[in-house]
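Each remark here refers to the structure printed beneath this line.
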Amino acid sequence: MLTTESPSDAFGRVRRHSVARRTTVTAVLLALTAGSFAATSVPAAAVDRPATPLVNAAKSIAVEPFRLEAETYSSNNGGGTKTETSQDADGMSLDNVGGTWDGAEIYFDDVDFGAVPRSTVTVRYVNNSSRVGANPSLEFYIDEKTDENKIATAALPVTGSNWNAYDTTTVDLDAALHGSHKLIVVMKVTADDAHPYVGNFDYFEFGAPAVDVPDTFIGAETLWKYSDNNTDPSPGSLEWTTAEFDDAAWTEAPGAFGAKNNSATPDLGANFPVETVLEHYIDGSAAPTIPTYHFRTDIDITAEQIGVIEGLQGSVTYDDAARVYVNGEKVAGFLDERAGDSNLAYAGTSNGDPVTSDFTIPADALVPGENQIAIALFQDRETSSDVYFDVKSLAPVEKQEEEPEPPALEISDIVLGVGASEQERNLAWYTNQDVPQVAQLAKAADVSDGAFPETAQVFETTAGGGTTSGEFFRDATLSGLEQNTEYAYRVGSDESGWSEVFTFRTQEFDGAFDFLFFGDPQVGASGNLGNDEAGWIDTLNVASNSYPDAELLFSAGDQVEHAGNEDHYNAFLKPTQMREIPVVATNGNHDVGSKAYEQHYNLPNEDLTAGPASSGTSSGGDYWFIYKDVLFVNINSNSRDYDSHNAFLEKVVAEQGDKVKWKMLAFHHSIYSAAVHATDGDIIDRRNNMPQTISELGFDMVLMGHDHHYTRSYLIKDGELADSEEQAAADEVVAEDGEVLYVTANSASGSKYYNLNTGIDLWWSSVRNQERVRNYSAVEVTDESITVRTLRSQANGTASPINSVVDEVVLSKAEAADDLNVAVSASTRTLAGKQYVSVAAKNEEAAPVDIVVETPYGSKTFTNVQPGKSANVSINSRAGSIPAGEVTVSVTGTSGSETITVEKSASYPAAG
C-alpha cells in the first residue's frame, strides 16, 4: 500500500510535476481495498473526547440518482402484466411495463440503493387518457407490503391521449431509503371497460440531495494525542490504533511535531516549522533517540459522506519513516519495513530533509460516525539528529460513477548502461504502469520520423517490478551490436505507447579508446538541487564536447545525495548523454540506503551475494564487464564483507583476466585519498584489508571517489610504497607486477568539496588538489599505456580556464624479458667412484630450439631439439667428491619473428 513519495509541495512523485505521474485515485483505491476492510461499526472510545470537527468550509457533492428500469422486475402477480417495447414522442425505442391493471404488483428482489439515503422517487410513465382509468397511482413498499413499510405514493397525471406521450412525476419518500432491499410496486386505478389500464412504465429513479463534505478532515488546527516517552502503547497488539484504546494519559497538541538535537526550539528549515516539540532522547539528554512516536486523532464522517466518496487522500510529512492506521487497520507504510510487527523500533533511512508522501483511505475502511486515525513515526537510528511529523491534509475524493480512462503510459528515467561487452548495451527505465513492455532497436539510418522499420529488433525485458517510489522498473539488454554503427532505440509497446527515440553509436570493438571518469556528482548535496543539476549537466557537456569519441561515462558513486529521493535521481539522469553513452554506475554511501540504485541501473554480470546489501531495503552487489582490452570490476565498498569481495574478484580474474591487457577496479570509498575521509575509521579498515588482494590479482588501476577532492597515488604494492625513488607528480610511472595506481576523483557537479587533510602523513599521495571547482578525468587506453588526464570543467580564474589540466599521468607496465620455455634441472650421480653432473633441458616451446649445457667440468651442445623432447647429458668430474655448484644452459630459438638466446641455470648438490 505504499504510495508515491513527494517533496513538501505534495506533487505526486518526488521528481516529477505532471498529473499523469500520479495513478488515478480509483486505481489506487482499488489496490487498497484488496486488503479487505470491514465496514462495521466501531465501539465508542473509552475516553469521551469529541471527534475532530470539520476543518474548513464544506463543499457539496451531487449524488447520482439510482435508476431502476421498470421492465427489469424479478416477478409479478400475474393478471396480464408484461414487458413490451414501445416508442416515446421523439421516436426513441424503449422497453417498458404494460398490460397493467388495478392491483397489479411487480417485485424487484435485492435492490442495492447505495449508502447515500434516497429521498425522492421519479416515475417515467404514460397515462394515455383514452385507455387509462381514473386516479391512477403507484404505491412503493420496501421488503414487504405493510403500512409500516410503505415509503411513497405517486399519483400519475394524464400525459396525453396516446401510448407515446411519456412524462415524469416526482414525489418525496416517506422514509430515507438506502442499503439493499426488496422493492414492491403496487398499481392502483379506478377502471372501467374502456379504461382498464394504470399506465405504461419506463423507469423508477431514486434521488438524493447533494451531500456536504469538508475540503479536508484534518488540518493545521487538528489536535493529536501523542506518546513520546519510549513506551509500547499496546505490547504485542495494535490495540493502540483502535477507538477502544484509552489514550487519556497521552499529551494533546496540534502539529507539526518535531525535535532536533534535543533543542527547545528545533530548526529543521523554513519548510518544516515545528509547532509542538517532541522529546528526542530516551533519557532526555543524549542518544540513544526514542525509536517510535505514536499519534492518534478522530474524524467524524456521516454515512451520506461515505456514500459519495471513493475515500480520503492524505498527505503526511515525516522523518524518518511512518505507518498509517485507520480503525485498527494499516493503510499505508513508508520506509517502515525494518520495524516488522513491533510498535517500538527503529525504521527508515536517513533522508536528510523530511519527506512528504501521499496515502489513501478507501471508503470501505471508514464507518459512519467516529473514525480513529493512528500514525507511528519512526527514527532510523539511535543517533538520528532530528524527527518530524505533520499531516497536512486528509481530503475527500469524490466518487467517480464512470470508470475513468486509464492514464497514459509515462516512461521516464531511461539509462543506457554498459553491457557485458562492446557488443551489448543494458537499458533500465521507469513507468507509471505495470504493463508489458519491450525495447526496440534499429539502425538509425532505417528510422524515419520516429517510425521503426519492420526489421527492427525487439528485446524482451530481463527484469522488472515495483520501485521504492511507487512506480515500475524494467531492464533489457540490447545484444548483437555491430561496430562503427549508429543505432536508434525506444522502449514501451504498440499497445501502451513508446518512449522518445534515442540514439547511440558503437565504435571499433578493439584497439585504443577513451572514457570519462567523474567524481561524486551527489546532486542535492549543496541544498540547491537546481544548481547541482546545472553543474552536473555543464560538466558532462564540457567533457563530451571535448572528447566526442569517449565510449563510457564512469561515475565514482554517490550519484545522488539521498538514496530514495527521486528528485535527486531526476537531476542526475537529466543530461541527454545518459541515454547516448554507456553509463557505469558505482554504489556510494549516499546510494546504498535504498533499492532505487538497483532499480535505476541494469548492471552486467552482477552478483548480489558479493558485497551484499545490509538490509532488505538497501542495495548491494559486485559486477564486472570487459570493454575492448580492459577487464572492469566494480564492487560495493559499502560492504566490508571482504571474504565475499575477494571470492568474487578471484573468480572473475581467474576466468576473465587472461582475455585482456589491462585490469581496472572501481569502488566508491577511496582508501588512498587526502581529504577529511582519509583518517576515518572505516577507511582505515578498508586500507588495511584491500590492497594486498588488489596487488595479488594484478589490477593496474583503481578508480575511487568519496572524499570530494583529487588525489593520485604513488605506485603501491601490497599496501606499501612500491618504489621509494618515485618522484612526486611524475608524468609517467612504470608498474612492475603487483604495483597499482590509485585515483580519487573530485566533484563533477560542484555540490560538495572537502578540504585537504593536513598534519598527518599521507605517504601514498603523489598529487593532491582542491580548488573547489568542478573536475572530470579523461582516461585514454592503448595497448601500451593508460593516460589519466584530469581537467577543470569550471574555470578557476583566468589562469585556470575550462579544460585546463589539474594533473596528467601515463601508466605503463614494465617490459617483461624475452624468454623461451625450456625447463632445466641438474643433479649428481656416482659411477665407478667418480662424481657426474647430470643435466636435463626439456623443450616446452612449440618450435625446435638449440641448447648448450655448460658445467664446471665440461659442456655439451644439442641442435634442433624438438618440442616436447629433452637434451640430457652427464659430465664426468673425474673426482671422487665435488662441491655444490650450478650449471648454465643457453637456449636459442624463435620469439615472435625474432631469434633470441636466453640463459637458464640450475643448481646441484655436493656429492662424494
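Each position in the sequence shown, counted from 1, maps to that position plus 92 in our numbering.
Backbone N, C-alpha and C define an ideal beta-carbon position, used for all residues, glycine too.
Keep in mind the model is a prediction, meaning the values are calculated, not measured.
- C-alpha of GLU156 to C-alpha of SER272: approximately 17 Å in a straight line.
- Out of TYR689, ASN781 and ALA827, the CA that lies nearest to the CA of TRP754 is found in ALA827.
- Three or more Cβ pairs closer than 8 Å define a contact, and the segment 173-180 meets that threshold against the segment 188-199.
- Per DSSP, PHE298 is one residue of the beta strand (DSSP E) stretching across 292-299.
- Taking the Cα positions, ILE992 is about 20 Å away from VAL979.
- Contact between the segment 318-335 and the segment 375-385 is present: three or more C-beta pairs spanning the two stretches fall below 8 Å.
- The C-beta distance from PHE664 to PHE610 rounds to 11 Å, too long to fall under 8 Å, and the pair is not in contact.
- Every beta strand (DSSP E) stretch that sits fully inside the segment 577-635 and reaches 3 residues is listed by chain position as 578-585, 594-597 and 605-610.
- Excluding the 5 residues flanking it on each side, VAL825 has same chain C-beta neighbours closer than 6 Å at LEU807 and LEU903, in chain order.
- When C-beta atoms of the segment 419-432 are compared with those of the segment 361-376, fewer than three pairs fall below 8 Å, so the two segments do not count as touching.
- Cβ-Cβ separation between GLN549 and ASN576: approximately 18 Å, too far for a contact (criterion under 8 Å).
- In this structure, ILE629 lies near PRO667, with their beta-carbon atoms less than 8 Å apart.
- Measuring C-alpha to C-alpha distances from SER585 to each of LEU573, GLU578, GLU552 and PHE607 identifies GLU552 as the nearest.
- In the same chain as THR701, and ignoring 5 residues on each side of it, the C-beta atoms closer than 7 Å to its own belong to SER736, in chain order.
- Close CB contacts of LEU789 within its chain, under the 8 Å cut and outside five residues either way in sequence, are with LEU741, GLU742, VAL745, GLY749 and LYS755 (chain order).
- Of the candidates ALA267, VAL224 and THR771, the residue whose Cα lies closest to the Cα of ALA257 is VAL224.
- Under the 8 Å Cβ criterion, the segment 208-215 counts as touching the segment 263-280, having at least three qualifying pairs.
- Bounds of the beta strand (DSSP E) holding ASP567 are 564-570.
- Annotated as proximal: GLY425 and ARG415, with beta-carbon spacing under 8 Å.
- For GLY444, same chain residues with a beta-carbon under 6 Å away, outside a window of 5 residues either side, are HIS654 in chain order.
- The alpha-carbon of TYR689 is positioned some 58 Å away from that of VAL941.
- In this structure TRP855 is exposed. Its beta-carbon is surrounded by fewer than 16 other beta-carbon atoms within 10 angstroms.
- The secondary-structure analysis by DSSP pairs TRP316 across a beta bridge with ALA345.
- Residue environment: SER504 is assigned as buried (16 or more neighbouring CB atoms within 10 Å of its CB, all protein chains considered).
- By the Cβ neighbour-count rule, ASP624 is buried, with 16 or more other Cβ atoms within 10 Å of its own.
- When secondary structure is reduced to three states using DSSP, TRP332 falls in the helix class.
- Of the candidates GLU990, HIS692, THR955 and SER919, SER919 places its Cα closest to the Cα of ASN968.
- For VAL483 against VAL408, the beta-carbon gap comes to about 5 Å, under 8 Å, which counts as contact.
- VAL871 sits close to VAL880, with the two beta carbons spaced by under 8 Å.
- Straight across, the Cα-Cα distance linking SER253 with TRP193 is about 18 Å.
- GLU672 is not a Cβ neighbour of PHE791, given a cutoff of 8 Å.
- When secondary structure is reduced to three states using DSSP, ASN657 falls in the coil class, being assigned neither helix nor strand.
- If you draw a straight line from the Cα of GLU937 to the Cα of LYS961, it comes to about 10 Å.
- In the three-state scheme derived from DSSP, where H, G and I count as helix and E and B as strand, GLU863 is classed as coil.
- By the neighbour-count criterion, in which 16 or more other beta carbons inside 10 Å mark a residue as buried, ASP285 falls on the exposed side.
- ASP411 is bridged by DSSP to TYR480.
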